[in-house]
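Colleague:
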Amino acid sequence: MGHPVRSLPVVQNWDCGGGCTECCRQYVVYVTEAERERILQQGWDQDPELKGVELFERVGGRQGSWRLRHRPDGACVFLEADNRCRIHARFGLEAKPFA
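Each residue of the sequence shown is one higher than the one before, counting from -10 in my numbering.
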């Protein structure tokens, strides 16, 4: 059974400290509308592993708010099998959401 998904305080921001992937599995990553649009423009619908996968989930009760979706195993949809972030691997740190 996977870990429960947790939300971080709005003011909390993180840098990866070593690739343990716990934040990619246990925490919700909220994205702004601008971040969502930027990520959608990166062409993930052409990635065979993400084709047809919903990348974002609208956050209830917060109009206009989104978060990155998690797979059934609890991992972020952008977490690769080798525990690397697809966004970071393809486009660099600057392309990731400001989480």
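Every residue, glycine too, gets a C-beta built ideally from N, C-alpha and C.
#1: Under the three-state reduction of DSSP, which class applies to residue 45: helix, strand or coil?
#2: For residue 75 and residue 43, what's the separation of their Cα atoms in angstroms?
#3: Rounded to the nearest angstrom, what separates residue 12 and residue 30 at their Cα positions?
#4: For residue 16 and residue 79, what's the separation of their Cα atoms in angstroms?
#5: Let me confirm a value: residue 26 is counted as buried when at least 16 other C-beta atoms fall within 10 Å, else exposed. Which label applies?
#6: Please report the distance separating the alpha-carbon of residue 73 from that of residue 40.
Modeller: Quick look at the numbers:
#1: Counted from its first residue, the sequence shown places residue 45 at position 56. Of the three classes helix, strand and coil, the one that applies to residue 45 here is strand, per DSSP.
#2: On the sequence shown, residue 75 is found 86 positions in, with the first residue counted as 1. On the sequence shown, residue 43 is found 54 positions in, with the first residue counted as 1. In a straight line, the C-alpha of residue 75 is about 15 Å away from that of residue 43.
#3: Counted from its first residue, the sequence shown places residue 12 at position 23. Counted from its first residue, the sequence shown places residue 30 at position 41. The alpha-carbon atoms of residue 12 and residue 30 are separated by roughly 24 Å.
#4: Reading the sequence shown from its first residue, position 27 is the one you call residue 16. Reading the sequence shown from its first residue, position 90 is the one you call residue 79. Distance between the alpha carbons of residue 16 and residue 79: 22 Å.
#5: Here residue 26 refers to the residue found at position 37 of the sequence shown. With fewer than 16 other Cβ atoms within 10 Å, it is exposed.
#6: Sequence index remark: in the sequence shown, residue 73 carries index 84 (1-based). Sequence index remark: in the sequence shown, residue 40 carries index 51 (1-based). Cα to Cα, the separation comes out at about 18 Å.
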